[in-house]
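Engineer: Sharing a structure below in structure tokens format, with a few things to ask.
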Amino acid sequence: MKKSVLWLALVAGVAFVWTPMASQAECKLSYARTACKGKEADSFKKCDGKAECVQVKEAASEAACLEAAKKACDNDRTDITKFKQIAASWSGKALVGGFDAKGQADAAGTHFCAANRPDMNKCE
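In the numbering used here, the protein residues as written are 862 to 985.
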């Protein structure tokens, strides 16, 4: 009986500790960058030298994951990165960002970055 109670307590403790961490790790952002001419190495550095990658972001909810995706569109390296495509998923479900892969408005689009943002398509 004592072993059963101890085992149950251990399992419950692990589940309690692990559950918040699992929910934090379910926001995945997919990045696809278009570099300014000759700036590929610098532009792709955040994806280990690749134009595309997926990164897990901490987010406590689907709404927080949506906000992380919107924030990921910010481009403070306009002389290095011409355009970014950001798609997001929460618990494996693709989130709607309102744009297509080219940054054009699309109500069902799974991308978050608009092509006409002032911080895109500059290559200053």
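Positions of the beta carbon are idealized from the N, C-alpha and C atoms, including for glycine. Everything numeric in this text was worked out from a predicted model, so none of it was measured.
What residues in its chain sit with their C-beta under 6 Å from that of Ala-883, if we drop five residues either side in the sequence?
Structural biologist: Your numbering for residue 883 matches position 22 in the sequence shown. Model confidence at Ala-883 stands at a pLDDT of 47, short of 50, so the residue's coordinates are unreliable; what they give is reported in the following sentence. There are no such residues.
Engineer: Could you have a look at Glu-901 and say whether DSSP puts it in helix, strand or coil?
Structural biologist: In the sequence shown, residue 901 corresponds to position 40, counting from 1. Of the three classes helix, strand and coil, the one that applies to Glu-901 here is helix, per DSSP.
Engineer: So, for Phe-973: in the same chain, excluding its five sequence neighbours on each side, which residues have a beta-carbon less than 6 Å away from its beta-carbon?
Structural biologist: Reading the sequence shown from its first residue, position 112 is the one you call residue 973. Only Ala-930, Lys-931, Cys-934, Ile-947, Gly-958 meet the Cβ criterion.
Engineer: By DSSP, does Met-981 sit in helix, in strand, or in coil?
Structural biologist: One-based indexing of the sequence shown puts residue 981 at position 120. In the structure shown, Met-981 sits in coil (DSSP, three-state: anything other than H, G, I, E or B).
Engineer: Near Ser-904, which residues of its chain fall below 6 Å by C-beta distance, leaving aside the five closest residues on each side in sequence?
Structural biologist: Position 43 of the sequence shown holds residue 904. Correct list, in chain order: Arg-894, Ala-896, Ile-941, Thr-942.
Engineer: Looking only at its chain, what residues have a beta carbon closer than 6 Å to the beta carbon of Gln-916, apart from the 5 residues adjacent to it on each side?
Structural biologist: Taking the first residue of the sequence shown as 1, we reach residue 916 at position 55. Leu-890, listed in sequence order.
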